[in-house]
Structure formats: C-alpha cells, structure tokens
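See below for the structure under consideration.
Residue numbers (my numbering): 5 to 102.
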C-alpha cells in the first residue's frame, strides 16, 4: 500500500460518488463552474462533460486536454468565475502585493 494512505489524516473515499439525475441537473438555477481533465482516471470526464453540457443551463466549462484528476493552479480561474458572479473581478492571491 502507498505510504500516503498509512497516514491517519488521509482517508481515501471508497463509496460511490453521489450522482444527480438529469432532471436535477436541468433544474439548477445557478452558474456552475466545471473543471475537467480529459485524462482523468477517477471520473469518466468525456461522458461527464457531454452530460453537463446537455443538462446544465449556465455551465462554465474548462476542459484541460492534457490533464487528469488532480490539477493544481486553478485558483485564478475560480476567482475570475466568482468575480463574474459578483459583478466585479476578484483579485487572485498572485496579483496581490503586501
């Protein structure tokens, strides 16, 4: 077993992820930011992308062609998305100076 899983602080999920029905997704009345990596081995990313594009009215999709499940560095993209919702751009931590 990988040593990371021996830590008491890390407990990998073993149960199935809860799935929403197409009807539930279609009723979402909020913007949804979805970031997917094409080579994700934990999720069927192509299937998820296509389903979300069909069902979610206000989908903001970022498709990472060469990335998998754990892709860091997405904070600026998320802050831009949240700033758009708030009507102004939220500065990313990288752009703030002390």
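C-beta atoms are modelled at their ideal positions from N, C-alpha and C, and glycine is treated no differently.
With respect to residue 68, residue 86 sits apart: the two C-beta atoms are not nearer than 9 Å. CA-to-CA, the gap between residue 20 and residue 48 works out to about 13 Å. Residue 18 counts as exposed, since fewer than 16 other beta carbons sit within 10 angstroms of its beta carbon. Taking 8 Å as the upper bound for CB-CB distance, residue 60 and residue 29 are in contact here, some 6 Å apart. Here the alpha carbons of residue 50 and residue 42 stand approximately 7 Å from one another.
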